[in-house]
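Note that my numbering gives residue 88 to position 86 of the sequence shown, counting from 1, and the numbers run on in steps of one.
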Amino acid sequence: MTDTGSWVGLFSGGKDSSWAVYRALAEGLPVSHLLTVHPEGDSYMYHVPATELTALAAESIGIEHVNVSPDDFDAASAEDAGAQGDAELEPLEAALTDLAADLDGGLAGVTAGAVESEFQTSRIQAMADRLGCEVFAPLWQEDPVELAEAMLDAGFEITVLQVAAHGLDESWLGRTLDGEAFAELQELHEEYGVHVLGEGGEFETFVTDGPHMERAIELTYETVWEGTRGHIEITDARLA
3 MTDTGSWVGL
13 FSGGKDSSWA
23 VYRALAEGLP
33 VSHLLTVHPE
43 GDSYMYHVPA
53 TELTALAAES
63 IGIEHVNVSP
73 DDFDAASAED
83 AGAQGDAELE
93 PLEAALTDLA
103 ADLDGGLAGV
113 TAGAVESEFQ
123 TSRIQAMADR
133 LGCEVFAPLW
143 QEDPVELAEA
153 MLDAGFEITV
163 LQVAAHGLDE
173 SWLGRTLDGE
183 AFAELQELHE
193 EYGVHVLGEG
203 GEFETFVTDG
213 PHMERAIELT
223 YETVWEGTRG
233 HIEITDARLA
């Protein structure tokens with residue numbers, strides 16, 4: 003890893019991007035900013051639910067926060083997933099280009115939370131190549147069960163925001179992903195193919211506390227269930 007310039011954490015507030023930032027800090031990488039993309043509607047590239055909570059998370063972590071809003075996205079839908087993924091990357095790359103000009107020593111690299119998604123990782127790597135920076139992706143192609151255990155051992159508190167897979171019912175909404183929950187997810191993987199870390203979009207999460215955070219985030223929410231999928235609607239969020 004380069005020893006000059008600043009790093010930017012690509013940050014959704016979910017467990018994977020949070021783990022990437024946490025590991026970067028543990029490795030001593032100078033992460034100066036967290037950058038959150040707020041897509042409107044479904045996205046091929048980005049975590050969607052409750053990204054507004056990232057401001058609280060960034061405050062708790064103590065790192066400056068940058069937002070890329072839905073207004074920065076091209077309203078026209080691309081014809082296929084690949085083209086849409088490329089189009090969705092454009093506002094992120096533009097934001098990083100602008101940010102790099104203000105960083106002491108320039109942009110050294112970005113953190114990424116991808117585990118197995120070649121679709122996302124290849125695009126982030128290509129973007130980094132264009133920007134002349136590195137990618138720190140500590141979850142990439144690691145064993146999902148071992149990653150889950152590492153997150154729990156480190157003290158991550160992880161809340162389920164959304165589910166959309168066979169075997170995941172309403173009881174999972176708002177649930178804390180502890181050891182028991184991850185054991186159940188392993189069983190659901192065997193029965194239904196659910197990814198233990200939800201890499202295929204089976205579920206989405208938010209980290210409410212961790213060793214890199216000064217204060218926990220407390221959530222108040224209502225549950226919305228739509229028969230085969232559901233999510234929680236955050237009614238209040240605050241730092242403890």
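All residues carry an ideal CB built from backbone N, CA and C; glycine is no exception. Remember, predicted model here, so these are calculated numbers, not experimental data.
- For residue 11, the enclosing beta strand (DSSP E) begins and ends at 8-12.
- Ranked by how close their Cα comes to the Cα of residue 18, the residues 100, 205 and 102 have 205 in first place.
- For residue 225, there is no enclosing alpha helix (DSSP H); the residue is part of the beta strand (DSSP E) that begins and ends at 219-227.
- In this chain, the beta strand (DSSP E) harbouring residue 236 covers 232-241.
- The C-beta of residue 232 has 16 or more other C-beta atoms within 10 Å across all chains shown, which makes the residue buried.
- For the pair residue 145 and residue 120, the Cα-to-Cα distance works out to about 16 Å.
- In the structure shown, residue 102 falls within a helical segment according to DSSP collapsed to helix, strand and coil.
- According to the DSSP assignment, residue 159 belongs to no alpha helix (DSSP H) but to the beta strand (DSSP E) extending over 159-165.
- A check of alpha carbon separations from residue 201 across 177, 178 and 165 identifies 165 as the nearest.
- Counting of Cβ neighbours within 10 angstroms places residue 210 among the buried residues, the total reaching 16 or more.
- Residue 223 holds the alpha-carbon nearest to the alpha-carbon of residue 161 among 40, 223, 168 and 155.
- Taking a cut-off of 8 Å on C-beta distances, the segment 106-120 touches the segment 17-33, as three or more cross pairs fall below it.
- Taking C-beta atoms as the reference points, residue 112 and residue 127 fail to come closer than 7 Å.
- Distance between residue 53 and residue 157, taken at the CA atoms: about 22 Å.
- Cβ neighbours of residue 69 within its own chain (closer than 7 Å, five residues either side excluded): 38 and 40.
- If you look at residue 210, you'll find it in the beta strand (DSSP E) that goes 205-211.
- Judged by DSSP in its simplified three-state form, residue 111 adopts strand.
- For residue 221, same chain residues with a beta-carbon under 7 Å away, outside a window of 5 residues either side, are 161, 210, 236 and 239 in chain order.
- With respect to the C-alpha of residue 153, the residue from 170, 178, 167 and 163 having the closest C-alpha is 178.
- Comparing alpha carbon positions, the residue from 149, 188, 229 and 89 closest to residue 173 is 229.
- Under a 10 Å Cβ-count criterion, residue 213 is classified as exposed, with fewer than 16 other Cβ atoms of the shown protein chains found around its own Cβ.
- Of the residues assessed, residue 35 falls on the buried side of the cut-off, its CB having 16 or more other CB atoms within 10 angstroms.
- Where residue 191 is concerned, the enclosing alpha helix (DSSP H) starts and stops at 181-194.
- Rounded to whole angstroms, the separation of the alpha carbons of residue 63 and residue 216 is 6 Å.
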